[in-house]
Amino acid sequence: MTTSDMTLVEAMRLAALQEMRRDRRVWVMGEDVARGGLWGQYKGFLDEFGPERVVSTPISEATIMGAGLGAALVGTRPIIEMRIFDFVMCAMDELVNQIAKIRYMFGGQAKPSVVVRMPHGMWRNSAAQHSQMLEAWFAHLPGVVVVAPSNPADAAGLLVEAIRSDDPVLYFDPKNLFQLTGPVSEPIAPIPLGRARHARSGNALTLVSWSAIMPAVEEACDSLSKAGIEVDLIDLRSIWPWDENAVVASVQRTGRLLVVHEAVTTSGFGAEIVASLVERLGPGGMKAVARLGAPRIPIPFAPPLEAEVKVTPAKIVAAAQALLAR
Amino acid sequence: MVVAAPDNGSSRGEDNARHVKALFRTMCRIRAFEETALDAHKAGEIPGPLHVSIGQEGVAAGVCLNLRIDDRITSNHRGHGHALSKGAGVAGMMRELYGREGGHCRGKGGSMHIADFSVGMLGANGVVSGGIPIAVGAAQGLKMQRSTSIAVCFFGDGAINRGPFLEGLNWAALYKLPVLFICEDNGVAAFTRADSVTAGPGVAARAESLGVPAVTVDGNDVLAVDVAARTLSDAVRNGDGPRLLHARTYRWTGHTSTDAAAWRPPEEVAAAKAGDPIARLEARLIADGMDASELASIRAAASAEMAAAREDAKAAPWPQAHVAYEDVQDLGAFTMGGRA
Chain A
1 MTTSDMTLVE
11 AMRLAALQEM
21 RRDRRVWVMG
31 EDVARGGLWG
41 QYKGFLDEFG
51 PERVVSTPIS
61 EATIMGAGLG
71 AALVGTRPII
81 EMRIFDFVMC
91 AMDELVNQIA
101 KIRYMFGGQA
111 KPSVVVRMPH
121 GMWRNSAAQH
131 SQMLEAWFAH
141 LPGVVVVAPS
151 NPADAAGLLV
161 EAIRSDDPVL
171 YFDPKNLFQL
181 TGPVSEPIAP
191 IPLGRARHAR
201 SGNALTLVSW
211 SAIMPAVEEA
221 CDSLSKAGIE
231 VDLIDLRSIW
241 PWDENAVVAS
251 VQRTGRLLVV
261 HEAVTTSGFG
271 AEIVASLVER
281 LGPGGMKAVA
291 RLGAPRIPIP
301 FAPPLEAEVK
311 VTPAKIVAAA
321 QALLAR
Chain B
1 MVVAAPDNGS
11 SRGEDNARHV
21 KALFRTMCRI
31 RAFEETALDA
41 HKAGEIPGPL
51 HVSIGQEGVA
61 AGVCLNLRID
71 DRITSNHRGH
81 GHALSKGAGV
91 AGMMRELYGR
101 EGGHCRGKGG
111 SMHIADFSVG
121 MLGANGVVSG
131 GIPIAVGAAQ
141 GLKMQRSTSI
151 AVCFFGDGAI
161 NRGPFLEGLN
171 WAALYKLPVL
181 FICEDNGVAA
191 FTRADSVTAG
201 PGVAARAESL
211 GVPAVTVDGN
221 DVLAVDVAAR
231 TLSDAVRNGD
241 GPRLLHARTY
251 RWTGHTSTDA
261 AAWRPPEEVA
271 AAKAGDPIAR
281 LEARLIADGM
291 DASELASIRA
301 AASAEMAAAR
311 EDAKAAPWPQ
321 AHVAYEDVQD
331 LGAFTMGGRA
């Protein structure tokens, strides 16, 4: 085993590469994947695996998604690349009515073993149709697993496990963190889906977060630590199933819960976490609870307007302090 | 665009006689299955919506009897005939319509989601054109596996106005995939005449504009469908790329079992019934010297088979409540009474 520092996008590239070498049934399809993908996440794949397993497709999202399903039904294991998350709206029937339903409505005759990769979140002022985080929608959808990593090692290990999983896995690549560097060990070991990462230990409050916002959260935790406030930080990694027991155990210890996500706060996945904790611990089971996310507005283009939407380390610190004051 | 001429089959001798008899038997079984299901639905025995294809049997039988068991089909909401012709078990189908234990989908799909993967039937579909990308992808997977199986995709005239039709045909032509598209054109998209909502010369021209050769046939002449389907499926299996069969037919009933389709002129429906594809084949076979009583006994056997399936389904138990929680997903599934 060797460990080296690499970018998140390179870690994901190596993960897919490893799995395509390991299992001939795995292949990748989507716009421009033969050219290495929009983000270089499939760089070199065409040369190694050829055009039959690295299929650049027309801009036909519905058929990218639906053909991936059809190919899975005859025993292949496609990685379905959506290019940018927001484009999945053009393939919603194929994802929601077909992929998520087919195993159930056919009484278990088939498992749609696909990975749908959807780079999501804000990135370089891409405005309203290229910046969304709607992972909560899919947590609401029976039939799928939802994954949202935040660092190179997790991105690689979760992708390996997603490719090996028989369930359809919606894998949200954190596109704003593609150049984030961190240590990754090879061969890449699968990370179990549904298991959170305990990112740091503390007793002052429990902070739950995931995906592209994690570096801002870590920065906020550093600032709070300097002020003597130690945060118990949980990187959820999987949105469905989510590691409820890890969060409950932490909150039982700290008594305070702050959920931070980049997505709109209203009906975001933070709402599910808070509601579940109230159900588990009772209405008086926590001293204070808060959510921090985006206001319920589309993502604007102009940098100062986008900054309004963005969750920053300063906003996180303020939210944590307010929570502690209660 | 090619219009296929009907084939009298005289060149194929004994095998052909058996094949034509199988076409007749299959059409009779579809008719009997759906008449039985309609009756059971009216009697309150079958819940939910029921879309029958009475009058369209020639298309399903003519196509599927040219397929192998390892060929895959996708179907639409009017898919009983496709499933039966592909070899799906009748008891499992009828029990599924009834929502009972032993249904092909364990009572979780119903009429609109009949599937029998054991015979290559990859599922009916409740969304118009929903089966098109799935069939195209199945064909892509089969090609990747160097399989000699092909994918066949049934859809109606309404589907050609949805995006997946354009996307799917373009895709299939682009990658030269082994897929045969079957447009069952009954002239009506739900409650609307298809020609009133479809611009241009129609499905065959649309297919050809994408480089997918298309053949138009009288879908109520099962022998014409048979010949065209054999020719086209041979080409597809041969690696020539996708083909499209446009079969003109007529839906005798309304959109669903509860729709009388009273907006249609009675003489139009009467004319369609006068051209009943089953009666047409029967008359032809008798003219060719086949024993009328043998054909009558095929009809009677089909009716008896479906009546028995009805009794079986009626007597079958409902699924246990825990079944509702199964077959969702491996990871993160709920069990009865809480999360797994």
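Sequences listed follow chains A and B, in order.
Residues in the first sequence are numbered consecutively from 1, following the numbering used here.
Residues in the second sequence are numbered consecutively from 1, following the numbering used here.
Glycine is no exception: its CB is placed at the ideal position from the N, C-alpha and C atoms.
Out of the options, which has the shortest C-alpha to C-alpha gap to residue i?
{"i": "Val179(B)", "options": "Ala302(B), Glu34(B), Arg29(B) and Val63(B)", "result": "Val63(B)"}
{"i": "Ile298(B)", "options": "Met27(B), Gly13(B) and Glu14(B)", "result": "Met27(B)"}
{"i": "Trp210(A)", "options": "His120(A), Ala227(A) and Ala128(A)", "result": "His120(A)"}
{"i": "Val278(A)", "options": "Val54(A), Glu244(A), Leu14(A) and Ala100(A)", "result": "Glu244(A)"}
{"i": "Gly123(B)", "options": "Val217(A), Val144(A), Asn203(A) and Lys101(A)", "result": "Lys101(A)"}
{"i": "Ala15(A)", "options": "Asp167(A), Val184(A), Val146(A) and His130(A)", "result": "Val184(A)"}
{"i": "Ala325(A)", "options": "Leu205(A), Arg77(A) and Val309(A)", "result": "Leu205(A)"}
{"i": "Val203(B)", "options": "Ile73(B), Thr258(B), Ser233(B) and Leu169(B)", "result": "Leu169(B)"}
{"i": "Asp93(A)", "options": "Gly108(A), Ala71(A) and Ala62(A)", "result": "Ala62(A)"}
{"i": "Arg296(A)", "options": "Ile316(A), Val160(A) and Thr265(A)", "result": "Thr265(A)"}
{"i": "Gly254(B)", "options": "Phe191(B), Arg310(B), Ile278(B) and Pro277(B)", "result": "Phe191(B)"}
{"i": "Pro190(A)", "options": "Ile273(A), Ala156(A) and Val208(A)", "result": "Ala156(A)"}
{"i": "Trp39(A)", "options": "Leu95(A), Pro149(A) and Arg13(A)", "result": "Arg13(A)"}
{"i": "Val146(A)", "options": "Glu308(A), Arg53(A), Ser238(A) and Lys310(A)", "result": "Ser238(A)"}
{"i": "Leu180(A)", "options": "Ser267(A), Leu193(A), Asp154(A) and Thr2(A)", "result": "Asp154(A)"}
{"i": "Ser56(A)", "options": "Asp47(A), Glu48(A) and Gly37(A)", "result": "Gly37(A)"}
{"i": "Val317(A)", "options": "Glu262(A), Pro300(A), Leu207(A) and Val309(A)", "result": "Leu207(A)"}
{"i": "Tyr104(A)", "options": "Asp327(B), Met336(B) and Gly338(B)", "result": "Asp327(B)"}
{"i": "Ala128(A)", "options": "Leu323(A), Pro300(A) and Arg35(A)", "result": "Pro300(A)"}
{"i": "Met336(B)", "options": "Ala324(B), Asp330(B) and Gln329(B)", "result": "Ala324(B)"}
Residue i bridges to which residues according to DSSP?
{"i": "Ser327(A)", "result": "Residue 327(A) lies beyond the stretch modelled for chain A, which goes from 1 to 326, so this question has no answer here."}
{"i": "Thr3(A)", "result": "Ser185(A)"}
{"i": "Glu184(B)", "result": "Gly156(B) and Ala247(B)"}
{"i": "Glu81(A)", "result": "Arg117(A)"}
{"i": "Tyr171(A)", "result": "Arg117(A) and Val147(A)"}
{"i": "Gly338(B)", "result": "Thr335(B)"}
{"i": "Ile73(B)", "result": "Met121(B) and Val152(B)"}
{"i": "Leu292(A)", "result": "Val260(A)"}
{"i": "His198(A)", "result": "Ile234(A)"}
{"i": "Gly30(A)", "result": "Ser56(A)"}
{"i": "Thr192(B)", "result": "Ala189(B)"}
{"i": "Phe278(A)", "result": "Looking at the sequence provided, one finds Val at residue 278(A) rather than Phe. Beta-bridge pairing links Val278(A) to no other residue."}
{"i": "Val179(B)", "result": "Ala151(B)"}
Subject >> Interface residues of the region 43 to 73 of chain A facing chain B [CB-CB below 9 angstroms] >> reply: Glu52, Arg53, Val55, Thr57, Pro58, Ser60, Glu61, Ala62, Thr63, Ile64, Met65, Gly66, Ala67, Gly68, Leu69, Gly70, Ala71, Ala72 and Leu73
Subject >> Interface positions of the region 142 to 156 of chain A facing chain B (Cβ-Cβ less than 8 angstroms), listed along the chain >> reply: Pro142, Gly143, Val144 and Val145
Original post:
Where are the beta strand (DSSP E) runs, 3 residues long or more, that stay fully inside the region 223 to 267 of chain A, in chain order?
Top reply: 231 to 235, 238 to 240 and 256 to 264
**OP:** Inspect the CB distances between the region 47 to 66 of chain A and the region 125 to 140 of chain B and report whether three or more fall short of 8 angstroms.
**Re:** yes
Subject >> Cβ contact check for the region 93 to 112 of chain B and the region 49 to 66 of chain B: 3 or more pairs under 8 angstroms >> reply: yes
Original post:
Relative to chain A, which residues along the region 112 to 126 of chain B have a C-beta separation below 7 angstroms, given in chain order?
Top reply: His113, Ala115, Phe117, Leu122 and Gly123
Original post:
Listed in chain order, which residues of the region 77 to 93 of chain A have Cβ atoms closer than 7 angstroms to some Cβ of chain B?
Top reply: Asp93
Subject >> Cβ pair count under 8 angstroms reaching 3, the region 230 to 246 of chain B against the region 204 to 214 of chain B >> reply: yes
**OP:** Take every Cβ of the region 78 to 95 of chain B, pair it with every Cβ of the region 283 to 303 of chain B, and state whether three or more of those distances are shorter than 8 angstroms.
**Re:** No: the two stretches stay apart, fewer than three of their Cβ pairs being nearer than 8 angstroms.
Original post:
Which residues, taken in chain order from the region 219 to 247 of chain B, show a beta carbon closer than 9 angstroms to some beta carbon of chain A?
Top reply: Flagged: no residues at all.
Subject >> Given 8 angstroms, three or more beta-carbon pairs between the region 288 to 303 of chain A and the region 247 to 263 of chain A >> reply: Yes: at least three Cβ pairs fall under 8 angstroms.
Original post:
What residues in the region 95 to 106 of chain B bring their beta carbon closer than 9 angstroms to a beta carbon of chain A?
Top reply: When C-beta distances to chain A are compared with 9 angstroms, the residues of the region 95 to 106 of chain B below that value are Glu96, Gly103, His104, Cys105 and Arg106, in chain order.
Subject >> Residues within the region 136 to 151 of chain B neighbouring chain A, beta-carbon criterion of under 9 angstroms >> reply: Val136, Gly137, Ala138, Ala139, Gln140, Gly141, Leu142, Lys143, Met144, Gln145, Ser147, Ser149 and Ala151
**OP:** Please name the residues in the region 167 to 191 of chain B whose beta-carbon is closer than 8 angstroms to at least one beta-carbon of chain A, in chain order.
**Re:** Glu167, Gly168, Asn170, Trp171, Leu174 and Tyr175
Original post:
Taking contact to mean at least 3 C-beta pairs separated by less than 8 angstroms, is the region 168 to 185 of chain A in contact with the region 138 to 147 of chain A?
Top reply: yes
Original post:
For the 8 angstroms Cβ check, are there 3 or more pairs between the region 21 to 28 of chain A and the region 73 to 82 of chain A?
Top reply: yes
Original post:
On the three-pair Cβ rule with 8 angstroms, is the region 288 to 296 of chain B touching the region 224 to 239 of chain B?
Top reply: no
Original post:
In the region 104 to 125 of chain A, which residues sit with their C-beta less than 9 angstroms from some C-beta in chain B, listed in chain order?
Top reply: Tyr104, Met105, Phe106, Gly107, Gly108, Gln109, Ala110 and Lys111
Subject >> Residues from the region 72 to 94 of chain B in contact with chain A, defined by Cβ distance under 7 angstroms >> reply: Arg72
**OP:** Starting from the N-terminal side, write out each stretch of the beta strand (DSSP E) that is 3 residues or longer and does not extend beyond the region 212 to 287 of chain B.
**Re:** Every unbroken stretch of the beta strand (DSSP E) spanning 3 or more residues and falling wholly within the region 212 to 287 of chain B is given here in chain order: 214 to 218 and 243 to 248.
**OP:** Report the residues of the region 193 to 209 of chain A with a CB closer than 9 angstroms to any CB of chain B, ordered along the chain.
**Re:** Leu193 and Gly194
Original post:
Which runs of the beta strand (DSSP E), 3 residues or longer, sit entirely within the region 62 to 117 of chain B?
Top reply: As far as the region 62 to 117 of chain B is concerned, its whole beta strand (DSSP E) runs of at least 3 residues are 72 to 74.
**OP:** Taking a Cβ distance cut-off of 7 angstroms, strictly less, list which residues of the region 243 to 260 of chain A are near chain B, in chain order.
**Re:** none
Original post:
What are the residues of the region 260 to 272 of chain A that lie near chain B, defined by any Cβ-Cβ distance shorter than 9 angstroms?
Top reply: none
**OP:** Taking a Cβ distance cut-off of 7 angstroms, strictly less, list which residues of the region 156 to 167 of chain B are near chain A, in chain order.
**Re:** Taking 7 angstroms as the Cβ-Cβ cut-off against chain A, the residues of the region 156 to 167 of chain B that qualify are Gly163, Pro164 and Glu167.
Subject >> Interfacial residues, the region 314 to 337 of chain B to chain A, with Cβ spacing under 9 angstroms >> reply: Within the region 314 to 337 of chain B, the qualifying residues are Val323, Glu326, Asp327, Val328, Gln329, Asp330, Leu331, Gly332, Ala333 and Phe334.
Original post:
Three or more beta-carbon pairs under 8 angstroms between the region 211 to 226 of chain A and the region 46 to 60 of chain A, yes or no?
Top reply: no
Original post:
If contact means a Cβ-Cβ distance below 9 angstroms, which residues of the region 43 to 70 of chain B contact chain A?
Top reply: none
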